[in-house]
DNA sequence: AAGTAACCGAGACGGTACGTCTCGTCTTCTA
DNA sequence: TAGAAGACGAGACGTACCGTCTCGGTTACTT
């Protein structure tokens, strides 16, 4: 078996963990992911390199955790009382979807979110293992919210009953991700609106 | 002024260029993009490092060219007589789109295509400059074919006239790219078919 | 004034001290002084690192103490009744000196003595402070015995009266140490004998 | 066999080699051998670390070469016309030996010589391989000069014919090395003189 | 046919960062 | 409160590549 010994996480320094998170995010936004090094993170955080290597397997893993932590902190501040974070249900599916897709577009246009997210997406595209973790921890929770809202739409008669909602949601999210990641054309609110309309009503004319 | 001198491309060795292409593709598929180094490519190609640095600005640029070259070679073999490569037009838009999307899915499931393409996509996601080149040389030519076929669809009455076809196409391509890059669920022919159907007819019921 | 606190030596664990001695000597003979680390000694002794840092200032200091302790234990076993350890005086100076020099040669050829002693000598050569301690605790007691025996030789008419005995003894000990430390040629009984003879009677012919 | 490939010494940079020599000697005299690191030498010499690791197996090897080079340069300056460097032969053995031993004492009291020499001696005492190299390149050439001068002394009737000169020389050199390395008492010209006198005429009275 | 330019394979160079190891300090828990 | 355990900030280790450079050797154009 020869486990090369696991560190005792109960003795872990919270101070260091947070400093490492902050340093990682700051460096990625300031100088970019490629030029961000583990040595640089350690130096910026005022921490020994070994403290990073002890708790994380890679630069990407550090950034992923830091990014998740940032997301939680942001959500806590926004949600205020810790309210349930989800897609609103006003009864009007089209409006609700446009709202969340516009919010997503705004996030993608905010460097503090965009840069780390791109870096993680890119790394996950190459490294299947990290990709799986990225999907599990970041993507799936988001996508589940879409499934839930679309299911409510089915109950309200706004969505066809014979649809696979896991596929349906990708009609909304896929195009936005495509423009975000591949930068073919600008990501705007108008684009978000168009995607919702096209997806809901289809490309073929209604006979 | 100090132009740092441009090499004379008329005296360039084709033999070396090809060997570098082959080495780059082979290494990326064998050991992955991250562990592929310029030194490694040079060694594998039996070439001096300077020969790579003379003609390409980066590892990614080498791979991009190698990948484009591979695509051309493959197309030439497939196309046989050098026929125009595009989306077929049998008059049935749904069938034609399913055909090409299934073909795309097959490519994504072929490691010889998947691995270099992922690497280039990932690099382009982080590096905007390379991303632009990637989009221009690889993506746009493909997407233009979709626009063309959809326009024909409009003429045939199979596609609504009020659509922005640049956006419409992303309803088809975006979801497939999403599954490919983020590996949320498997990319299958059934999935390709479903995307075409959902996109053409929309998620909302036809009352 | 802030003495950085002295540990209370009355509460010191004898068990740990001895375990540390043993571990230090064992590691030095097994893997060599350079690759012996304080962490390694602590682990081998089943002791916390701080227990070493609390009581000793350096790796060399640990080894010096361990080595002195070893010497005492060995002497106690050899001497049996705790008799005075010194150079014998049979009346025949040459024979007596050959005896002790041969014994010294034997020690130098015994790895359990040679390896730690070399390490300490080497460290003392570079670090003057440790060198002084090494000389005071290990060397001087030995050299004093020579002075005493040579003085007896003077009384017996076997040694010139006008000699500085501190220098005289170095004629005997210096060459042996030279061969031991610098490994120019093998250290043998014959060599020890020759040194005694040459030193006593000189290199120049007796006219 | 799998030699892991030897670098091409014909392409070696003399500039770097010299800069490394100088940096090594400077650091050893300024901050001591123990605190001199390969990284420090590289930085001081304005050289990449790999350039050191490419050509030398260890810190000690760098210093040994630097020290030998220093010796040659010094000798070339002193010798002027590149004359044979050796022990003078005025016909008076005692005077000649005192002269060279005094010169040796002077060297040992000169930090620029003393510090690197101590470091090399110490390292060689622990590491047999380096010790052998140290002896071969530095010690033996010196000792050979003594053998030669003593042999001339035999011819002149100043040295007994039945002596092993390799042993005889150690009666002169051993005591000086002893005081130098172990720092028991100060190394002075008077001491050098005494050693020559005692060694030549012996400790026992001439009856 | 000789001269000359520049590309080529090769690899040494000054560097940066890697991931590991050990240092000496500090903190926590146990006896 | 000494001691076992081990996390911590620090920094050197030896390795791997980076991108630049210099070195013959070999083409392929001049003259």
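Protein chains in written order, with my numbering: chain A, 1 to 207; chain B, 1001 to 1207; chain C, 2001 to 2207; chain D, 3001 to 3207. Idealized CB from N, CA, C, for every residue including glycine.
Self-check item: Coarse secondary structure for residue 2083 of chain C, derived from DSSP in three states
Solution: As a first step, residue 2083 of chain C is located in the third chain; it is residue number 83 there, counting from the start. Unreliable placement is indicated for residue 2083 of chain C, whose pLDDT of 49 sits below 50; the coordinate value is still reported in the next sentence. Correct three-state label for residue 2083 of chain C: coil.
Practice problem: Could you tell me whether any Cβ in chain C is nearer than 8 Å to the Cβ of residue 3173 of chain D? | Solution: Indexing the fourth chain from 1 puts residue 3173 of chain D at position 173. It does: the Cβ of residue 3173 of chain D has a partner Cβ on chain C nearer than 8 Å.
Quiz prompt | Straight-line Cα distance separating residue 2117 of chain C from residue 3125 of chain D | solution = The residue given as residue 3125 of chain D occupies position 125 in the fourth chain. The residue given as residue 2117 of chain C occupies position 117 in the third chain. Cα to Cα, residue 3125 of chain D sits roughly 10 Å from residue 2117 of chain C.
Quiz item: In chain A, what lies closer than 8 Å to residue 1209 of chain B by C-beta?
Solution: Here chain B covers residues 1001 to 1207 and nothing more, so residue 1209 of chain B does not appear.
Exercise. Please state whether DSSP places residue 275 of chain A in a helix, a strand or coil.
Key: This structure cannot settle anything about residue 275 of chain A, because the visible part of chain A is limited to 1 through 207.
Quiz item: Mind checking whether residue 1158 of chain B and residue 1093 of chain B have CB atoms under 8 Å apart?
Solution: As a first step, residue 1158 of chain B is located in the second chain; it is residue number 158 there, counting from the start. As a first step, residue 1093 of chain B is located in the second chain; it is residue number 93 there, counting from the start. It is a contact, given that the beta carbons lie within the stated cut-off.
Quiz item: Residues of chain A with CB under 7 Å from residue 1146 of chain B, in chain order?
Solution: Taking the second chain and counting its residues from 1, the one referred to as residue 1146 of chain B is at position 146. Here the premise fails: no neighbours, minimum Cβ distance about 11 Å.
Quiz item: How big is the Cα-Cα spacing for residue 1123 of chain B and residue 3110 of chain D?
Solution: Residue numbering aside, residue 1123 of chain B sits at position 123 when the second chain is read from its first letter. Residue numbering aside, residue 3110 of chain D sits at position 110 when the fourth chain is read from its first letter. So the two alpha carbons sit approximately 60 Å from each other.
Self-check item: Segment contact flag, the region 14-23 of chain A with the region 32-45 of chain A, C-beta cutoff 8 Å, min 3 pairs
Solution: yes
Self-check item: Under 8 Å by beta carbon: chain B residues contacting residue 159 of chain A
Solution: Against the first chain, residue 159 of chain A aligns to sequence position 159. Those are 1203, 1204, 1205, listed as they occur along chain B.
Self-check item: Cβ of residue 1210 of chain B within 8 Å of any chain A Cβ
Solution: Lying outside 1001 to 1207, the shown extent of chain B, residue 1210 of chain B is not represented and no answer is given.
Quiz item: What's the C-alpha gap between residue 2076 of chain C and residue 2133 of chain C?
Solution: Counting from one through the third chain, the residue named residue 2076 of chain C turns up at place 76. Counting from one through the third chain, the residue named residue 2133 of chain C turns up at place 133. Their backbone Cα atoms lie some 23 Å apart in a straight line.
Practice problem: Closer than 8 Å by beta-carbon distance: list the chain D residues that pair up with residue 2166 of chain C, in chain order. | Solution: By one-based count along the third chain, residue 2166 of chain C stands at place 166. Residues of chain D passing the Cβ test: 3185.
Exercise. Report yes or no: is there a C-beta of chain C within less than 8 Å of the C-beta of residue 3135 of chain D?
Key: On the fourth chain, residue 3135 of chain D is found 135 positions in, with the first residue counted as 1. By this cut-off, residue 3135 of chain D is an interface position.
Exercise. With 9 Å as the C-beta to C-beta threshold (strictly closer), list the residues of the region 2116-2140 of chain C near chain D in chain order.
Key: 2118, 2119, 2121, 2122, 2123, 2124, 2125, 2126, 2127, 2128, 2131, 2132, 2134, 2135, 2139, 2140
Exercise. Indicate whether at least one CB of chain D lies closer than 8 Å to the CB of residue 2177 of chain C.
Key: On the third chain, residue 2177 of chain C is found 177 positions in, with the first residue counted as 1. It does: the Cβ of residue 2177 of chain C has a partner Cβ on chain D nearer than 8 Å.
Quiz prompt | Rounded separation between residue 3210 of chain D and residue 2121 of chain C - CA only | solution = Chain D is shown only over 3001 to 3207; residue 3210 of chain D falls outside these bounds and no answer can be derived.
Exercise. Along the alpha helix (DSSP H) that carries residue 1150 of chain B, what are the first and last residues, could you check?
Key: The residue labelled residue 1150 of chain B in the question sits at position 150 within the second chain. Segment 1140-1155, the alpha helix (DSSP H) holding residue 1150 of chain B.
Quiz prompt | Three-state secondary structure assigned by DSSP to residue 3006 of chain D | solution = Numbered from 1 along the fourth chain, position 6 holds the residue referred to as residue 3006 of chain D. The answer is coil: DSSP assigns residue 3006 of chain D none of H, G, I, E or B.
Quiz item: Of the choices B:1009, B:1013, B:1154, whose alpha-carbon is the least far from that of residue 205 of chain A?
Solution: Residue numbering aside, residue 205 of chain A sits at position 205 when the first chain is read from its first letter. Checked all of B:1009, B:1013, B:1154; the closest Cα to residue 205 of chain A is B:1154.
Exercise. Could you tell me whether the Cβ of residue 3006 of chain D comes closer than 8 Å to any Cβ of chain C?
Key: To locate residue 3006 of chain D, count along the fourth chain from 1; it is residue 6. No, no contact with chain C.
Quiz item: What are the residues of the region 2013-2036 of chain C that lie near chain D, defined by any Cβ-Cβ distance shorter than 9 Å?
Solution: 2032, 2033, 2034
Quiz prompt | Whole runs of the alpha helix (DSSP H) within the region 1098-1132 of chain B, excluding any shorter than 4 residues | solution = 1111-1126
Self-check item: Cβ distance (whole Å) where residue 178 of chain A is taken to contact residue 1202 of chain B below 8 Å
Solution: Translated into positions along the first chain, residue 178 of chain A becomes position 178. Translated into positions along the second chain, residue 1202 of chain B becomes position 202. Not really, about 19 Å apart at Cβ, beyond 8 Å.
Quiz prompt | Secondary structure of residue 1033 of chain B, DSSP reduced to three states | solution = By one-based count along the second chain, residue 1033 of chain B stands at place 33. It is coil, neither helix nor strand.
Quiz prompt | Residues that residue 191 of chain A contacts on chain B, provided the C-beta gap is smaller than 8 Å | solution = Translated into the one-based positions of the first chain, residue 191 of chain A becomes position 191. Result: 1167.
Self-check item: Counted within 10 angstroms of its Cβ, other Cβ atoms place residue 2007 of chain C as buried (16 or more) or exposed
Solution: In the third chain, counting from the first residue as 1, residue 2007 of chain C sits at position 7. Its Cβ having fewer than 16 others within 10 Å, residue 2007 of chain C is exposed.
Quiz item: Near residue 3146 of chain D, which residues of its chain fall below 6 Å by C-beta distance, leaving aside the five closest residues on each side in sequence?
Solution: Taking the first residue of the fourth chain as 1, we reach residue 3146 of chain D at position 146. Cβ neighbours of residue 3146 of chain D beyond the five flanking positions: 3169.
Quiz item: When the Cα of residue 1164 of chain B is compared with those of A:5, A:108, A:88, A:199, which residue comes out closest?
Solution: As a first step, residue 1164 of chain B is located in the second chain; it is residue number 164 there, counting from the start. Answer by Cα proximity: A:199.
Self-check item: Where residue 3036 of chain D falls, given that 16 or more other Cβ within 10 Å makes a residue buried
Solution: Within the fourth chain, the letter at position 36 stands for residue 3036 of chain D. Residue 3036 of chain D is buried by the Cβ-count criterion.
Quiz prompt | Coarse secondary structure for residue 28 of chain A, derived from DSSP in three states | solution = The count along the first chain starts at 1 and reaches residue 28 of chain A at position 28. Helix, per DSSP.
Self-check item: Residue from B:1060, B:1074, B:1017 with nearest C-alpha to residue 1034 of chain B
Solution: The residue you call residue 1034 of chain B lines up with position 34 of the second chain. If we check each option's Cα against that of residue 1034 of chain B, B:1060 comes out closest.
Self-check item: Contacts that residue 3195 of chain D makes with chain C (C-beta to C-beta distance below 9 Å)
Solution: Locating residue 3195 of chain D in the fourth chain gives position 195, counting from the first residue. By Cβ distance, chain C contributes 2167, 2170, 2171, 2174.
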